[in-house]
């Protein structure tokens, strides 16, 4: 039931917004009483925190799988992370929407739980860049922290424009972004 | 007065959110009556539309200045656009916040006015890439539309992490992003 409430809430939050959706709205859609809601969650804010936490923990898990794969180079891992982020917009569009758009509705006590995990995801990209600098895959003259923000920007911004039903596939977008990042857009004469 | 109401609203919307701020809240802060508000705006939604429109029109104006400068190469223009976007987060933090975060509170009639201008900004970047491809500055094997989304992603995402008070300046961030985009992060042996 907890999962069902979360899924329905994501749907409503993505469609109408967090503030605009009441607990009653969610329970009406599920044809259950408010008591059921309070059995699983203390408040709508706690529900939002759980949605955020579940989303970022899944992302971290997937990232860990990619990074710990000993058969991949750092460049291959970088591609896999970019691809996964763009794929997620396709597969988990509504979750991504709530995750990116509704973070400002989390109170400080919940932000303290969610933000360190968001930071962890970015820091893992930075560690990957640092490893690639050490092993000669990446340039030594660019600061790995800013580079990691740039990489996440290019991938995460897709949320604002990428249409899974459009003419370009998520894989193709990931390939183009990876190419831009790895070799740059300058024509080499 | 119109400008004063807009400035105060941006402050309150950025701090508390659009939905959470009432017209009464804005007018209380300015010590004027609601009648004054309705002299300038039909509704809170129209005010939000005007804020969006002003923001994107200024961005377009600045972009036009950069792009029409005959002394600059396409690469130099690209750097100038990235730099301007990151600078704007510093100078116009609250406006940027409202612009990025509160777009979903615009109704369709207002979206029809604002969205084409947002698209125009992105399309102008695409046109710049296309020009640079023609004159040999940029690679011919990357699609200019996706490249333009990537460039805007890398720059606009800064809104989510860049702190103007931090140890890295907006100019330095722009230089690093430009370097990544132009030459790529791969080590060339």
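Residue numbers (full-length UniProt numbering), protein chains in the order written: chain A, 1 to 189; chain B, 1 to 189. Here a beta-carbon is modelled for each residue, glycine too, at the ideal position from N, C-alpha and C. No experiment lies behind these values; they were computed from the predicted model shown.
Counted as a single uninterrupted DSSP element, the alpha helix (DSSP H) harbouring residue 63 of chain B occupies residues 44-67. For the segment 144-180 of chain B, the continuous alpha helix (DSSP H) assignments of 4+ residues that do not extend past its boundaries occur at 144-156, in sequence order. DSSP lists B:186 as the bridge partner or partners of residue 138 of chain A.
In this structure, DSSP gives residue 6 of chain A a helical state, which the three-state scheme calls helix. A Cβ-Cβ contact shorter than 9 angstroms links residue 182 of chain A with residue 184 of chain B. Across the structure, residue 87 of chain B and residue 148 of chain A are spaced so that their CA atoms are roughly 20 angstroms apart.
Burial is judged here by how many other beta carbons sit within 10 angstroms of a residue's own beta carbon; residue 153 of chain B has at least 16 and is buried. Under the Cβ criterion of 9 angstroms, residue 165 of chain A is not counted among the residues facing chain B. Nearest to residue 13 of chain B by C-alpha distance, out of B:119, B:94, B:78, B:68, is B:94. Near chain B, meaning a CB-to-CB distance below 8 angstroms, the residues of the UniProt domain "HTH tetR-type" (1-59) of chain A are 17, 19, 20. C-alpha of residue 72 of chain B to C-alpha of residue 51 of chain B: approximately 31 angstroms in a straight line. Around the beta-carbon of residue 158 of chain A, 16 or more other beta-carbon atoms lie within 10 Å, marking it buried. Taking a Cβ-Cβ cut-off of 9 angstroms, the neighbours of residue 146 of chain A in chain B comprise 168, 172, 173, 176, 177, 180, given in sequence order.
Chain-ordered, the chain A residues with CB closer than 8 angstroms to the CB of residue 158 of chain B read 149, 153.
Contact annotation: residue 174 of chain A and residue 83 of chain A have beta-carbon atoms nearer than 9 angstroms.
Chain B places no beta carbon closer than 9 angstroms to that of residue 121 of chain A, leaving this residue out of the contacts. In this structure, A:118 is the residue among A:188, A:118, A:170 with its C-alpha nearest to the C-alpha of residue 60 of chain A.
By the Cβ test, the segment 95-115 of chain B is in contact with the segment 17-29 of chain B, since at least three Cβ pairs between them sit closer than 8 angstroms. At a beta-carbon threshold of 8 angstroms, the residues of chain B lying near residue 186 of chain A are 75, 137, 138, 139, 182, 183, ordered along the chain.
Closest by C-alpha distance to residue 170 of chain A, out of A:25, A:90, A:37, A:24, is A:90.
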